[in-house]
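Heads up, the thing below is written out as structure tokens.
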Amino acid sequence: MESNTGREKVVVAQDLTKVFDGLTAVKGISFTVERGERVGFLGPNGAGKTTTIRMLYGMSPPTTGSLSVLGLDVRDDIRDIKRRIGVVPQETNLDTDLSVRENLEVYANYFGIPKKPASERIHELLAFMQLEERADTMVDTLSGGMKRRLLLARALLNNPELLILDEPTTGLDPQARHLIWDRLKSLQEQNVTLILTTHYMDEASRLCDRIIIMDEGSIIAEGIPLDLIETHVSSEALEIRVAEGQREALQELLVPKSEYFETQQDTYVFFARAADELMQAVKDAGFEIEYALLRRSTLEDVFLKLTGRRLRD
Amino acid sequence: MKSLVKTARSISPAGVIRMWYRNWKIFRKVFWFAAAPNFLEPVIYLTALGIGLGLLVQDIEGLSYVQFLAPGLLGSTVMYASSFETTYSSFIRMKYEKTYDAVLATPLSIEDVIAGEILWGATRGYINALTFLGVIAIFGYVDSAAALLLIPLLFVFAALFAIIGMTYTALVSNINLFNYYFTLFITPLFLFSGIFFPISTLPAWAQKLALFTPLYHVVLVCRGLALGRLDQDVFTSIFITVAFTAVLFLVPITIMRNRLIK
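Chains as they are written, first to last, in my numbering: chain A, 1 to 313; chain B, 1001 to 1262.
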């Protein structure tokens, strides 16, 4: 299948719905992912991200709508689809009685990769994920970061064309996260398509060419990170707190000059194309500034604007 | 029925073997500290009851107590090893180790995974039973060439208990519920299936009930073939156990699919 950009479509979802025991987890979403793209699904807990991802690899058959992966229908050809994709799960599900290398050997066997090519591929992947020295270590003695690296190595055994990652760096220290990000970037250079879910906005901005934000089972925004920021907030932000009696006056002054604003307890965040002009206006008007920060707007600002601050679970 | 047909169609022999191989690989690795004690259990029973208690018990059906007991314990050996494997062990893999989730992200189907688990559970029971059969043969408690028929049949018996265990596992949500399975199902079978005393000593209603339980038939076949007492009942019980194994095989796989793929 070719899209108007001329690139092959790796995933095509149309009016995809998933109902569990009368509860609609995914409400008629449509999206496409092209070959070599890196697409991030963002959304609060319960938004339907994980359900959507699970539908991609057959763990959850769609209730209605159509879903094709690599040109094959998930309802009819899931075994062929699974041969050509890799999945990094949210929860660690390694074989704890086996060593790092044995885990990979057993997994390669599920794909029917013969012994010799499997052992070559395992050698390559251990190097790629910096696990060579741990090859014969039992899995239950590995750190969280090493386990995640092993999960990623495992997902790459069959040279997948599409890699699906459910919260790939949740709970990892910064060093481990950076290593995973770095490896995922080099996979993109090999034209592997990535689909991931994450709660970390910095991860999404760094890794993804395109973001799909879901809430309550629907897609509520979609686009490249910078465009989403431009469209939904504005490129820059001024976080400011002034003396208590001056807050209303501040709001009167800045709201007309901003594209969007928010209050977080006693602090305001005003969004504008040039936030330094807002700052100048505040200074000129002689406000008593207790705290001020000029910064670039982030995906997190967009996310909070679109999905609100209400806790979800 | 339609769902069972779907199950049969979604099983790939290569996939089943690959799932089985995973368990086999781990079994070999942990054998000495995890699996080896299982082999000793029937030998301990045989020694304590056959030789110890046997001194106090008169001959049963023209057999010394230990001769009566030994082939009966073959039946319980098959039952216990297979039952543990597809209850506690499978449940831990499914619920705590998330092994099934890991495997389901590969070309294996849920049907391959559960069929492979059953095949593995059967293999565990079979390994233990064959070992025990060898032990009692060496001690001279097997005295018929008909016992050779046990070599394939013990595998069927092991599969039958693996299937029944997996069916229970597919239905329960909490690991503590396996206590009920063992206390209310497996233990009564162990005690009242004719292993330790002939069921003809039980009240008539209990004898009838025994006819509807799997271990009764398994023990009857084990004893009949080991001692070369080949009457009509032995062949009827062979037919019943083989037929039930074949008929029930797809049931736990189907229930598991409906549970895990949704």
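We put the beta carbon where it would ideally sit given N, CA and C, even for glycine.
query                                                                                                                                                                        : result
Less than 9 Å between the beta carbons of Ile180/A and Phe41/A, yes or no?                                                                                                   : no
If the cut is a Cβ gap below 7 Å, which residues of chain B does Asp97/A touch?                                                                                              : Ile1026, Lys1029, Val1030
When you compare only the Cα positions, how much space is there between Glu2/A and Leu67/A?                                                                                  : Confidence at Glu2/A is low in this model, with a pLDDT of 47, below 50, so the placement of that residue should be treated as unreliable; the coordinate-derived value is given next. Answer to the nearest angstrom: the Cα atoms are 16 Å apart.
Hey, how far is the Cα of Val1234/B from the Cα of Phe1031/B?                                                                                                                : 35 Å
When you check each C-beta in the stretch 1096-1108 of chain B against every C-beta of chain A, which residues fall closer than 7 Å?                                         : Glu1097, Lys1098, Thr1099, Asp1101, Ala1102, Val1103, Leu1104, Ala1105, Thr1106, Pro1107, Leu1108
Tell me whether Gly48/A counts as near the ligand FMN, meaning its Cβ is closer than 8 Å to at least one heavy atom of that ligand.                                          : In terms of ligand content, the structure shown is empty, and the ligand FMN therefore cannot be addressed.
Leaving out the 5 sequence neighbours to the left and right, which residues in its chain are closer than 8 Å to Ser1090/B when beta-carbon positions are compared?           : Glu1117, Gly1121, Gly1165, Met1166, Thr1169
Please tell me whether Gln1232/B and Tyr1141/B are closer than 9 Å, where the distance is taken between their beta carbons.                                                  : no
Which bits of chain B does Gly112/A rub up against, with CB to CB less than 8 Å?                                                                                             : Ala1014, Arg1018, Pro1107
Quick check: what's the CA-CA separation for Ser1237/B versus Met1079/B?                                                                                                     : 16 Å
Could you tell me the distance, in whole angstroms, from the CA atom of Leu196/A to the CA atom of Met59/A?                                                                  : 16 Å
On the three-pair Cβ rule with 8 Å, is the stretch 244-257 of chain A touching the stretch 270-287 of chain A?                                                               : yes
Quick one: does Ala155/A have its CB under 9 Å from some CB of chain B?                                                                                                      : yes
What first and last residue would you give for the beta strand (DSSP E) that runs through Ser66/A?                                                                           : 64-69
With distances taken Cα to Cα, identify the nearest neighbour of Arg1223/B among Ala1146/B, Asn1128/B, Ala1036/B, Val1103/B.                                                 : Ala1146/B
Can you list, in chain order, the residues of its chain with a C-beta nearer than 8 Å to that of Tyr1088/B? Leave out the 5 residues immediately preceding and following it. : Ile1175, Phe1178
Determine the chain A residues that contact Arg1022/B at a beta-carbon separation under 7 Å, and present them in chain order.                                                : Val106
Roughly how many angstroms separate the alpha carbons of Ile220/A and Thr193/A, rounded to a whole number?                                                                   : 23 Å
Please classify Val100/A as buried or exposed, where buried requires at least 16 neighbouring CB atoms within 10 angstroms.                                                  : buried
Exposed or buried, which one is Met214/A when buried takes at least 16 other CB atoms within 10 Å?                                                                           : buried
Starting from the beta carbon of Lys1262/B, find every residue of chain A whose beta carbon is closer than 7 Å, and list them in chain order.                                : Phe20, Ser60
At 9 Å on the CB atoms, spell out the chain B contacts of Pro89/A, in chain order.                                                                                           : Lys1098, Asp1101, Ala1102, Ala1105
With distances taken between CB atoms, is the gap from Ala237/A to Ser297/A smaller than 9 Å?                                                                                : yes
So, does the CB of Glu102/A fall closer than 9 Å to a CB anywhere in chain B?                                                                                                : yes
Is the Cβ of Asn159/A closer than 9 Å to any Cβ of chain D?                                                                                                                  : As a matter of chain content, chain D is missing from the structure shown, whose protein chains are A and B.
Note the first and the last residue of the continuous alpha helix (DSSP H) segment covering Val1142/B.                                                                       : Val1142/B -> no alpha helix (DSSP H), and no H or E assigned at all.
Please state whether DSSP places Val1057/B in a helix, a strand or coil.                                                                                                     : coil
Just to confirm, are Leu70/A and Lys147/A a CB contact at a threshold of 9 Å?                                                                                                : no
Between which two residues does the alpha helix (DSSP H) containing Met1001/B stretch?                                                                                       : It is not in any alpha helix (DSSP H) - Met1001/B carries neither H nor E in the DSSP assignment.
By the DSSP assignment, the beta strand (DSSP E) with Asp215/A in it spans what residues?                                                                                    : 210-215
Compute the Euclidean distance between the alpha carbons of Pro1198/B and Ala1158/B, then round it to the nearest angstrom.                                                  : 22 Å
Would you call the CB atoms of Arg273/A and Glu259/A closer than 9 Å?                                                                                                        : yes
Can you tell me whether DSSP reads Gln271/A as helix, strand or coil?                                                                                                        : Sequence inspection shows Phe at residue 271/A; the Gln mentioned does not correspond to that position. Reduced to three states, the DSSP call for Phe271/A is strand.
Look up Glu2/A in the DSSP assignment and say whether it is helix, strand or coil.                                                                                           : Any reading at Glu2/A needs caution, since the residue's pLDDT is 47, under 50, leaving its predicted position unreliable; the model's value is listed next. Here Glu2/A sits in strand by DSSP.
Which of the three DSSP states, helix, strand or coil, is assigned to Phe1196/B?                                                                                             : coil
Are there 16 or more other CB atoms within 10 angstroms of the CB of Pro168/A, so buried, or fewer, so exposed?                                                              : buried
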